[in-house]
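Here the numbering used here is used: the first residue of the sequence shown is 1, the next is one more, and so on. For each residue, glycine too, the CB sits at the ideal point set by N, CA and C. Note that the structure is a prediction, hence the values are computed from the model and not measured.
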Amino acid sequence: MVIGRVAGNLLATIKKPELEKYKLFVIEPEKAGTHLKNPGYFAAIDLVGAGIGDRVIVLTGSQVQNAVSDKVPADAAIVGIVEAMNIKNKK
Numbered sequence: 001m002v003i004g005r006v007a008g009n010l011l012a013t014i015k016k017p018e019l020e021k022y023k024l025f026v027i028e029p030e031k032a033g034t035h036l037k038n039p040g041y042f043a044a045i046d047l048v049g050a051g052i053g054d055r056v057i058v059l060t061g062s063q064v065q066n067a068v069s070d071k072v073p074a075d076a077a078i079v080g081i082v083e084a085m086n087i088k089n090k091k
């Protein structure tokens with residue numbers, strides 16, 4: 001899982017039919033603790049009704065297929081909206 005912010009909408013006029021029912025967003029992952037090799041912006045389908053500026057939980061890779069009921073050609077999916085996050089300081 002990745003925690004990030006919804007940075008913007010992604011408009012694709014031509015896409016696979018399986019993606020038609022999903023809103024696409026651009027995600028900016030939070031740098032600390034990301035397992036992504038290149039932690040820049042990436043695209044994700046929205047499963048929970050997120051909006052621009054929301055801090056979100058994103059599943060990546062094969063985990064996405066467990067979160068959707070049909071075969072969707074996506075490797076990132078927003079599965080939660082973060083309301084609060086508490087992290088103890090490391091010393």
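Three-state secondary structure (DSSP) of residue i
{"i": "VAL2", "result": "strand"}
{"i": "GLU18", "result": "helix"}
{"i": "VAL79", "result": "strand"}
Residue environment, residue i, which counts as buried when at least 16 other CB atoms sit within 10 Å
{"i": "THR13", "result": "exposed"}
Under 8 Å between C-beta atoms of residue i and residue j
{"i": "ALA67", "j": "LEU47", "result": "yes"}
{"i": "VAL6", "j": "ILE52", "result": "yes"}
{"i": "LYS19", "j": "LEU10", "result": "Rather than Lys, the amino acid found at residue 19 in this sequence is Leu. No. Outside cutoff."}
{"i": "PRO29", "j": "GLY61", "result": "no"}
Nearest-angstrom Cα separation, counted from residue j out to residue i
{"i": "ARG55", "j": "ALA44", "result": "13 Å"}
{"i": "LYS16", "j": "ILE81", "result": "26 Å"}
For residue i, the nearest candidate out of the options (CA to CA)
{"i": "TYR57", "options": "ASP70, TYR41, ILE27 and LYS21", "result": "Correcting the residue identity first, residue 57 is Ile in this sequence and not Tyr. That would be ILE27, whose Cα lies nearest to the Cα of ILE57."}
{"i": "GLU83", "options": "LYS21, ALA50, GLY40 and TYR41", "result": "ALA50"}
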